[in-house]
Amino acid sequence: MTTDNPFPAENPFAVPSELPYQLPPFDRIEIGHYLPAFERGMAEQRAEADAIAADPEPPTFENTLVALERSGRILQRVSAAFFNVTSSDTSPELQEIESTVVPLLSAHSDAIMLDRSLYQRIQTLYDQRESLGLDAESSWLLERYHTEFVRAGARLSDEEHVRLRELNAALAGLATDFGNKVRDEMKASAVVVDDVADLDGLSDDAIAAAEQAARDRGLERGYVLNLILPTAQPALASLHNRDLRKRLHTASVTRGGRGDEHDTTDLVRRIVRLRAERARLLGFEHHAAYQISDNTARTVRAVEEMLAKLAPAAVANAQTEAEDLQAAIGPEITLEPWDWAYYTERVRRERYAIDETELRPYFELERVLWDGVFFAAGKLYGLRFEERPDLPAYHPDARVFEVLDDDGSPLGLFIGDFFTRTSKRGGAWANALVPQSRLFGTAPVVVNNLNINRAPEGEPTLLTLDEVRTLFHEFGHALHTLFSQVYFPKFAGTRVPRDFVEYPSQVNEVWMLWPEVLENYAVHHETGDRLPQEIVDRLQAAKQFNEGFATTEYLAASLLDLAWHTLTVDDLDAMGDQPIDVREFEAAALERAGVAVPFVPPRYRTPYFAHIFSGAAYSAGYYSYIWSEVLDADTVDWLVEEGGLRRELGDTFREGLLSKGGSADSMQVYRAFRGRDPLIEPLLKRRGLIAVS
Numbered sequence: 305m306t307t308d309n310p311f312p313a314e315n316p317f318a319v320p321s322e323l324p325y326q327l328p329p330f331d332r333i334e335i336g337h338y339l340p341a342f343e344r345g346m347a348e349q350r351a352e353a354d355a356i357a358a359d360p361e362p363p364t365f366e367n368t369l370v371a372l373e374r375s376g377r378i379l380q381r382v383s384a385a386f387f388n389v390t391s392s393d394t395s396p397e398l399q400e401i402e403s404t405v406v407p408l409l410s411a412h413s414d415a416i417m418l419d420r421s422l423y424q425r426i427q428t429l430y431d432q433r434e435s436l437g438l439d440a441e442s443s444w445l446l447e448r449y450h451t452e453f454v455r456a457g458a459r460l461s462d463e464e465h466v467r468l469r470e471l472n473a474a475l476a477g478l479a480t481d482f483g484n485k486v487r488d489e490m491k492a493s494a495v496v497v498d499d500v501a502d503l504d505g506l507s508d509d510a511i512a513a514a515e516q517a518a519r520d521r522g523l524e525r526g527y528v529l530n531l532i533l534p535t536a537q538p539a540l541a542s543l544h545n546r547d548l549r550k551r552l553h554t555a556s557v558t559r560g561g562r563g564d565e566h567d568t569t570d571l572v573r574r575i576v577r578l579r580a581e582r583a584r585l586l587g588f589e590h591h592a593a594y595q596i597s598d599n600t601a602r603t604v605r606a607v608e609e610m611l612a613k614l615a616p617a618a619v620a621n622a623q624t625e626a627e628d629l630q631a632a633i634g635p636e637i638t639l640e641p642w643d644w645a646y647y648t649e650r651v652r653r654e655r656y657a658i659d660e661t662e663l664r665p666y667f668e669l670e671r672v673l674w675d676g677v678f679f680a681a682g683k684l685y686g687l688r689f690e691e692r693p694d695l696p697a698y699h700p701d702a703r704v705f706e707v708l709d710d711d712g713s714p715l716g717l718f719i720g721d722f723f724t725r726t727s728k729r730g731g732a733w734a735n736a737l738v739p740q741s742r743l744f745g746t747a748p749v750v751v752n753n754l755n756i757n758r759a760p761e762g763e764p765t766l767l768t769l770d771e772v773r774t775l776f777h778e779f780g781h782a783l784h785t786l787f788s789q790v791y792f793p794k795f796a797g798t799r800v801p802r803d804f805v806e807y808p809s810q811v812n813e814v815w816m817l818w819p820e821v822l823e824n825y826a827v828h829h830e831t832g833d834r835l836p837q838e839i840v841d842r843l844q845a846a847k848q849f850n851e852g853f854a855t856t857e858y859l860a861a862s863l864l865d866l867a868w869h870t871l872t873v874d875d876l877d878a879m880g881d882q883p884i885d886v887r888e889f890e891a892a893a894l895e896r897a898g899v900a901v902p903f904v905p906p907r908y909r910t911p912y913f914a915h916i917f918s919g920a921a922y923s924a925g926y927y928s929y930i931w932s933e934v935l936d937a938d939t940v941d942w943l944v945e946e947g948g949l950r951r952e953l954g955d956t957f958r959e960g961l962l963s964k965g966g967s968a969d970s971m972q973v974y975r976a977f978r979g980r981d982p983l984i985e986p987l988l989k990r991r992g993l994i995a996v997s
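Residue numbers for the sequence shown follow the working numbering, so the first one is 305 and each next one is one higher.
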């Protein structure tokens, strides 16, 4: 690879960071540093891989697999920093670099994974695996490298390699385009409101946030309701103005399909076809079969059978909930999707005397973070947290915390980036800037990103119950990363199968309503009063309230994902030259799956389903959340039975599961930890899909 851009030693990615925990030196990183570092990093790793492949010595575990693990250090450093920033604080300049780099990275990966000499060395070791005397993690490393090279197409012919490279490059570019369009559309589709009276029902701080959002867009007056990534928009639960609710809902569900510059439907069609062709080239019926074969579910049928168990009961519950809502509305108005959240809150208040607006004063961000999330981690695992304002982050909103173990020894860094901004993509996520590895002697640095509306200057940031849950959830991913104790970086933290990765984070959600934790953080930010026990009791009683809707909207998205990715090349050819009508396909798929409920739209509709179209990770894998929830609910049952927030249980979960990362077969790790296969009954009870005895 050649470049006109020099790569001087002062480029921050040239050598490992000298900051604590090798935190990227964001105070020194400039936009101009990224592309030269990517180019040098890819060239360096390719040279390293070529040297391994050309080694005249017979392949050994050290000179082949360990050497591969050691390769690409510059590329790892720049990739971790760059893709964190493009998700959290992008700009047109960064998007341009991303559009350039992503196809190059795809080609770079192909150059290594399709190298026949390199693959032959791995195959030789794989054939000798029983006689190599490897420890368990090393044996799994050999197993994974062999599997990944085969899945990448190493066994294909030269002609097939050419086509595979073309497919991978095209898909990488299309996924980047999809993500950028979705992010830009979220900003463009925000709803502008002129009259504050139309915002009646929103809290004072939500109105102030809408006013600030308008100013941030350069508007001299008015208010802006920014969209979040999922279909449901938080303001729908509070706005009294039905016409405005309809505007907001319509803006949300029509994203990406309006035929304008943000339209993603052609990208969807192209991505689906190319993924289907690639799957066939690699020997699979369709993309879903390819993806799921390397997850814990193993087969599409296993996933479909599980979802089929859940869908009828979830839809029936949603229908019952709809009848309750229609009764609350009265005969004058027919329930519509933009009414659901609003009247759900009314029914919740009437049935359980729970009002989200009354809860929020008890959920102040700093208190939830320190006295909730961090407190639970301290009680269960003995962790301590110290904020480190002296360490640079990539944005002024991002805060750095040092994490110390119970004996005071350093464990890693946690970065919390909680507030929404126009330069951040929607949703919430976690990612590692530095993976833990004993091979390199590195400790973890992990980021949590959320999209909470910032309160006006000088005011406290108050969270909704769902935002509290998200904070606990994402910190579960952080714990999985922080507790990693693996030798090889390939297995660090959350580098596990996609349908296993959500499991530890979902377990961490249990602590948000755990009495000892809730009592510690749910304190009124003005009066200092704790959340009254009667409200706590009602929150517990309302756990299954609206679960029919929540489960159905989730299942609809999961089944829609599978519908797109179980299309074969023959299926697509049979449709003829006429482009697929994305909306019609979506409607038909939901109808076939039995989840076409008019007033319960999918959590994500196709044109803004970024999980599955802006990257490969969740494609044919959105089912992962509920698949993981089987493990989560089973584990929470164990925690409750054994007394909950106890160090002994935390140590067992940490050492038996969280510390393992991806260093062994995930289901074997689970069986060793739990002593048996997971049971589905705890999940069914949690979601109200079977009667609780």
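Note that CB positions come from ideal geometry on N, CA and C, so glycine has one too.
Since the structure is predicted, the reported quantities are computational estimates derived from the model, not experimental observations.
Is the beta carbon of residue j closer than 8 Å to that of residue i?
i: F795; j: S970; result: no
i: F1016; j: L585; result: It is not possible to answer for residue 1016, since the shown part of the chain is limited to 305 through 997.
i: E668; j: L766; result: yes
i: L866; j: A914; result: no
i: N812; j: L843; result: no
i: L540; j: Y912; result: no
i: R683; j: L949; result: It should be pointed out that residue 683 corresponds to Lys in this sequence rather than to Arg. Yes, the Cβ-Cβ distance between K683 and L949 is below 8 Å.
i: A736; j: V750; result: yes
i: D721; j: N752; result: yes
i: L468; j: L478; result: no
i: L475; j: R573; result: no
i: W815; j: A680; result: yes
i: A732; j: L754; result: yes
i: T569; j: S556; result: no
i: F792; j: L445; result: yes
i: H829; j: P902; result: no
i: P982; j: L935; result: yes
Would you report the Cα separation of residue i and residue j, rounded to the nearest angstrom?
i: T600; j: L859; result: 19 Å
i: A618; j: R991; result: 8 Å
i: G947; j: P986; result: 17 Å
i: R773; j: Q427; result: 46 Å
i: T306; j: G345; result: Residue placement at T306 is flagged as unreliable, the pLDDT there being 45, under the threshold of 50; a coordinate-derived value is accordingly withheld.
i: L708; j: S542; result: 41 Å
i: H450; j: N484; result: 34 Å
i: E334; j: I596; result: 39 Å
i: F453; j: F779; result: 33 Å
i: S493; j: V466; result: 40 Å
i: L471; j: V790; result: 34 Å
i: L871; j: M879; result: 11 Å
i: E806; j: E636; result: 43 Å
i: D508; j: D770; result: 19 Å
Give the range of the alpha helix (DSSP H) segment to which residue i is assigned.
i: E813; result: Note, E813: premise wrong, no alpha helix (DSSP H); not H, not E.
i: G682; result: F678 to Y685
i: F917; result: A914 to F917
i: L614; result: V604 to I633
i: F386; result: R377 to S392
i: L715; result: Run containing L715: none in the alpha helix (DSSP H); it sits in the beta strand (DSSP E), P714 to F723.
Take residue i and list the residues in its own chain whose beta-carbon comes closer than 7 Å to its own, dropping the five residues that flank it on each side.
i: V996; result: The pLDDT assigned to V996 is 40, lower than 50, so where the model puts this residue is not dependable, and the model offers no usable value.
i: S788; result: Q740, P748, A796, G797, S963 and G965
i: Y698; result: F330, N388, V389, S392 and D393
i: A411; result: R469 and A473
For the beta strand (DSSP E) containing residue i, name the first residue and the last one.
i: F779; result: That residue, F779, is in no beta strand (DSSP E); its alpha helix (DSSP H) goes L769 to L786.
i: E334; result: Element bounds for E334: n/a, residue is neither H nor E.
i: P748; result: Where P748 is concerned, there is no enclosing beta strand (DSSP E), given that its DSSP letter is neither H nor E.
i: N735; result: W733 to V738
Note down, in chain order, each residue of its chain lying with its Cβ closer than 8 Å to the Cβ of residue i, except the 5 sequence neighbours on either side.
i: D955; result: Y685
i: P801; result: D598, N599, T600, G966 and S970
Short of 6 Å in beta carbon distance, which residues of its chain neighbour residue i, apart from the five on each side in sequence? Order them along the chain.
i: Y927; result: V607 and S862
i: R332; result: P316
i: F705; result: F689, E691 and F718
Check the Cβ-Cβ distances between residue i and every residue of chain B, and say whether any is below 8 Å.
i: N545; result: Here there is only one protein chain, and chain B is not present.
Practice task
May I ask you to verify whether the region 497-504 touches the region 410-429, counting CB pairs closer than 8 Å and requiring at least 3?
Solution key: no
Exercise for the section: Inspect the CB distances between the region 835-850 and the region 644-660 and report whether three or more fall short of 8 Å. Expected result: yes
Exercise for the section: Would you check if there are 3 or more beta carbon pairs closer than 8 Å linking the region 813-831 to the region 880-888? Expected result: no
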